[in-house]
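This report concerns only the one structure given below.
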Amino acid sequence: MRKTHIITEAAIQLALFAVLFLVSLYVPLLGMIAILFLSLPFMIFTMRHGYAYALLLLVASLIISTLIGSLLSLPVALMFGTAGIVIGGMLAKNKSRYMILLMSALIFLMNIVIDYVISVKFLQMDIIQETLSAFRQSFETAMQIMKGMGQTPTKQLQEQFEQGLELIKYVTPTLFVIAAFLLAYATMAVSIPILKRLKLPVGTWPPFRDFTLPKSLLWCYLLVLVISFIPLEKGTFAYLAVLNVYYLLQLLFIVQGFSFLYYAANKKNVPKGIVIGGTILCLFLPFLLYLIAILGIIDLGFDLRKRI
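Residue numbers (the working numbering): 189 to 496.
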């Protein structure tokens, strides 16, 4: 009787996945939203029936995705399917939301890296290089338009653009990590309200103001700063590793800094509207983000929260 119930629900979740996958492939704007819900059937099924049955559902969904699209659409189904299984399994065990976010981001990151390697090695298609080429062509077109209007673009502007493209190429690993966390957070954000409606245990997000990083990251940051004084040849593994670790740590310290500001605002009873408005303003002003990163470092090193 129980197996019949599991098979029936598996068929329902598989049908839901097929509909969402169809929409994500063939409906232009709505598809961008539908793709975020692809993990939902796997979350529900994993929370109700465990990992073993969920893996069988994943295999069936991979077959369905191949029939609906092609072999090229298979990585998308695998990415959101594995992420959904991990999120559902950890929610069922009442794990911390931050831990679930971290683990699901790691799953997304693994899938992104594997998909990128496959596209480069076997399909001879480098998405990063094609994107940079598109940016360069757009810039050259803009330069031609400026010349046609009688304005001569400065050499400094062209050099800054080339340096920006070179930096994007070097920090590709960091961009992959950011994309993985954004996908993980967006997937959880759209799925958890539905799981609540289904009376499934989802827990709650701990207050962001209580979030804090491990103090050991300060030593990592200090080590990166020391190594950065050593002249490293551009393009080498050491150069790429130091550059990407530096930017990742900067992002983490920005999060720490915002967490401290939220904590201070809560203690001083600052209205939430001002806090949210200030956060949005900071996101559009890079020099403020730099100051917030410094504030995060100070908070982590000297525990400013105990002084409020």
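Glycine residues also receive a C-beta, built at the ideal position from the N, C-alpha and C atoms.
Query raised in the report: Quick one: does the C-beta of Gly489 sit closer than 7 Å to a heavy atom of the ligand NAD?
Result: Questions concerning the ligand NAD fall outside what the structure shown contains, since it holds no ligand whatsoever.
Query - Span separating the alpha-carbon of Leu363 from that of Ile356 - result: 8 Å
Requested in this report: Would you give the residue range spanned by the alpha helix (DSSP H) that Phe369 belongs to?
Outcome: 360-385
Query raised in the report: Should Lys375 be labelled buried (16 or more other beta-carbon atoms within 10 Å of its own) or exposed?
Result: Going by the sequence as given, residue 375 is Thr instead of Lys. Label assigned to Thr375: buried.
Query raised in the report: Residue range of the alpha helix (DSSP H) that Phe417 falls in?
Result: Unbroken run through Phe417: none, as it is neither H nor E.
Report task. Return helix, strand or coil for Gln351, following the three-state DSSP convention. Result -> helix
Query raised in the report: Are Val463 and Tyr450 close, meaning C-beta to C-beta below 8 Å?
Result: yes
Query - Neighbourhood of Leu228 by C-beta distance below 6 Å, restricted to the same chain and skipping five residues each side - result: Ser379
Query raised in the report: For the alpha helix (DSSP H) that Met509 lies in, which residues bound it at each end?
Result: No answer is possible for residue 509: the residues shown for the chain start at 189 and end at 496.
Report task. Only counting runs of 3 or more residues, tell me where the beta strand (DSSP E) segments fall wholly within the stretch 419-468, in order along the chain. Result -> none
Query - For Gln346 and Met298, the rounded distance between their alpha carbons - result: 35 Å
Requested in this report: Under 7 Å Cβ to Cβ from Ser249, same chain only, skipping five residues before and after it: list those, please.
Outcome: Leu202, Phe205, Ala265, Gly269
Report task. Pull up the CB-CB distance for Ile315 and Ser307, whole angstroms please, since I reckon it's below 8 Å. Result -> 6 Å
Query raised in the report: Which term fits Asn432, buried or exposed, when burial requires 16 or more other beta carbons within 10 angstroms of its beta carbon?
Result: buried
Query raised in the report: Which class does Asn299 belong to by DSSP, given the choice of helix, strand or coil?
Result: helix
Query - C-beta atoms of Pro394 and Arg285 nearer than 8 Å - result: yes
Requested in this report: Counting only the same chain and skipping the five closest in sequence on each side, list residues whose C-beta sits under 8 Å from that of Leu469.
Outcome: Leu476
Report task. Starting from the C-beta of Phe446, find all residues in its chain whose C-beta is less than 7 Å away, skip the five residues before and the five after it, and write them out in chain order. Result -> Thr467, Ile480
Query raised in the report: Between which two residues does the alpha helix (DSSP H) harbouring Lys335 extend?
Result: 315-336
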